[in-house]
Amino acid sequence: GWLTDNFNWRWVFFVNLPLGVICVAILWWLLPSRPVRKRPFDLFGFVMLAIGISALQLMLDRGQGEDWLGSIEIWIEMLVAVIALWIFVVHMATAKNPMFERALWLNRNLVTAMFFMLVIGVVMMATMALLPPMLQNLYGHSVFDTGILLMPRGFGVILTMAISARLIQRGLDARIVVGLGMVLAAYSLWQMTHWSLEMGTWPIIVSGFVQGLGMGLVFMPLNGMAFATLAPHHRTEGASLINLARNIGASVGISLVTTILARSVQQSHEALVPNISPENLNTMDPGLLQTLGGSGETLLAMANAEINRQAMMIGYLNDFYAMMIVTALSVPLVIFLRKPKGPAEKPDASAMGH
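If you're matching positions, the sequence shown starts at 5 in the numbering used here and goes up one per residue.
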């Protein structure tokens, strides 16, 4: 927020460059060098995955603006995504040297972790996409103040990421920690469904902090359980799949909340407008009319602006409600996570041959 106010939004990205260079240099110096397991590069699988994900991303990004399935472009992008991803799946199941080894897809912890990361992508990225314009346009906060109000979410993540590791080291089942994190995330979204245009900043701070607490409880235990059941030579590919799931979840989440927001605003506006007309505004107390500054026609424009504001708020609340439902429904899936009972699977000869 401070960078945007004092420079421009590009500096939000530029500021990461020197830090990134320093981190790369430190990692290059400290990380031990390990032999790389060489295997043929699956060019066909890579191309199919790239085409499928690109088409899916285009469909999600442009869907709302192009009226979704009312647009030929969206139909084409959807068909390309489905066909390319289907070919990719078949290729993974039949190829001699697939891009991702088949053993990864049979690992229950990894597949479950991918689903949770998809949900986390929906909740975190969609929430972060919604809140800045909401806080600035509906509540009148500056860019800097908006950043300050969103900071408690980060503090919550940092706090529980440190605590969750200690809890698991002391013997607490990681599945309980993940489940608690998802419950806290759902609870924070429930808190957000009760926001109003008249509230202060405290509900924003509290719900953000609670959501950060929940996300921090999920990240580390979930990654630990996913990788604990993977052989060392599978972990790089497993990390790629988990990150891919989170990124897809972010794209789906932003597209979903954008669509819900746009349609909710339209429906709410249509429902509220019939209650406002110059005639019923002119029945107001004359003293109040004079205080507000004019006739019914003048106040009609003011009323329409307030209707737009109220309709927008309803749209945001519907978004929070939808994300709360998605998060709450994912909580029972922790039962599919398997508690690691020993060292990760040992690489077999055929796998090493790949």
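Where a beta carbon is used, it is the ideal one built from N, C-alpha and C, also for glycine.
Round the Cβ separation of L217 and L154 to the nearest angstrom and send it over; I've been treating them as touching at under 8 Å.
For this step, residue 217 is matched to residue 213 along the sequence shown. For this step, residue 154 is matched to residue 150 along the sequence shown. Not really, about 15 Å apart at Cβ, beyond 8 Å.
Separation of A254 from W33, as counted between CA atoms:
Along the sequence shown, one-based indexing puts residue 33 at 29. Along the sequence shown, one-based indexing puts residue 254 at 250. When rounded, the distance between both Cα atoms is 33 Å.
Have a look at A353 and S334 and give me their C-alpha separation to the nearest angstrom.
Here residue 353 is taken as the residue at index 349 of the sequence shown, counted from 1. Here residue 334 is taken as the residue at index 330 of the sequence shown, counted from 1. Only weak support is given to the placement of A353: the predicted model assigns it a pLDDT of 37, under 50, and the question is left unresolved by the model.
Put T8 into one of helix, strand or coil per three-state DSSP.
As a working mapping, residue 8 is identified with position 4 in the sequence shown. Three-state result, T8: helix.
Is any heavy atom in the ligand SAH found nearer than 8 Å to the beta carbon of K343?
As far as ligands go, the structure on display features none, and thus does not contain the ligand SAH.
Exposure label - P225; buried when at least 16 CB within 10 Å:
Taking the sequence shown and counting its residues from 1, one reaches residue 225 at position 221. Answer is buried; the Cβ neighbour count reaches 16.
Let me check understanding here. Comparing Cα to Cα, which of V84, F120, A332 and E105 lies closest to R250?
Taking the first residue of the sequence shown as position 1, residue 250 is located at position 246. The shortest Cα separation from R250 among V84, F120, A332 and E105 belongs to F120.
Proximity of S259 and G67 at Cβ, strictly below 9 Å:
Counted from its first residue, the sequence shown places residue 259 at position 255. Counted from its first residue, the sequence shown places residue 67 at position 63. Yes; because the gap between Cβ atoms is below 9 Å, this pair is in contact.
Use the C-beta contact count for R157: other C-beta atoms within 10 angstroms, 16 or more gives buried, fewer gives exposed.
For the purposes of this step, residue 157 is taken as the residue at position 153 of the sequence shown. Its Cβ being crowded by 16 or more others within 10 Å, R157 is buried.
Helix, strand or coil for V182? Go by DSSP, reduced to three states.
Here residue 182 refers to the residue found at position 178 when the sequence shown is read from its first residue. In this structure, V182 counts as helix in the three-state DSSP scheme.
Taking buried to mean at least 16 other C-beta atoms within 10 Å of its own C-beta, is P102 buried or exposed?
Within the sequence shown, numbered from 1, the residue matching residue 102 stands at position 98. Looking at its Cβ environment, which holds 16 or more other Cβ atoms inside 10 Å, P102 is buried.
Inter-residue Cα distance where the pair is W6 and F148:
If you number the sequence shown from 1, residue 6 lands on position 2. If you number the sequence shown from 1, residue 148 lands on position 144. Roughly 5 Å separates the two Cα atoms.
Going by the beta-carbon positions, is the gap between M342 and M229 smaller than 9 Å?
For this step, residue 342 is matched to residue 338 along the sequence shown. For this step, residue 229 is matched to residue 225 along the sequence shown. A quick correction: the sequence has Arg, not Met, at residue 342. Yes.
Threshold first: 3 residues or longer. Then list the beta strand (DSSP E) segments lying entirely within the region 108–181, N to C.
none
At the level of alpha carbons, what is the spacing between L337 and L64?
Working through the sequence shown from its first residue, we reach residue 337 at position 333. Working through the sequence shown from its first residue, we reach residue 64 at position 60. Distance between the alpha carbons of L337 and L64 is about 26 Å.
Using alpha carbons as the reference points, say which of L188, Y143 and P207 lies closest to I329.
If you number the sequence shown from 1, residue 329 lands on position 325. Measuring from the Cα of I329, the nearest candidate turns out to be L188.
Is M118 near L245, with beta carbons less than 9 Å apart?
Position 114 of the sequence shown holds residue 118. Position 241 of the sequence shown holds residue 245. Yes, they are a contact pair.
M138 versus V182: straight-line alpha-carbon distance, rounded:
Within the sequence shown, the letter at position 134 stands for residue 138. Within the sequence shown, the letter at position 178 stands for residue 182. If you take the alpha carbons of M138 and V182, they lie about 29 Å apart.
Apply the 10 Å Cβ neighbour rule to F18 and answer buried if 16 or more other Cβ atoms are within range, or exposed otherwise.
Position 14 of the sequence shown, counting from 1, holds the residue named residue 18. By the neighbour-count rule (16 or more Cβ atoms within 10 Å), F18 is not buried but exposed.
Using C-beta distances below 7 Å, list every residue in its chain close to V256, excluding the 5 sequence neighbours before and after it, in chain order.
Stepping through the sequence shown from its first residue, residue 256 is reached at position 252. L64 and V126, listed in sequence order.
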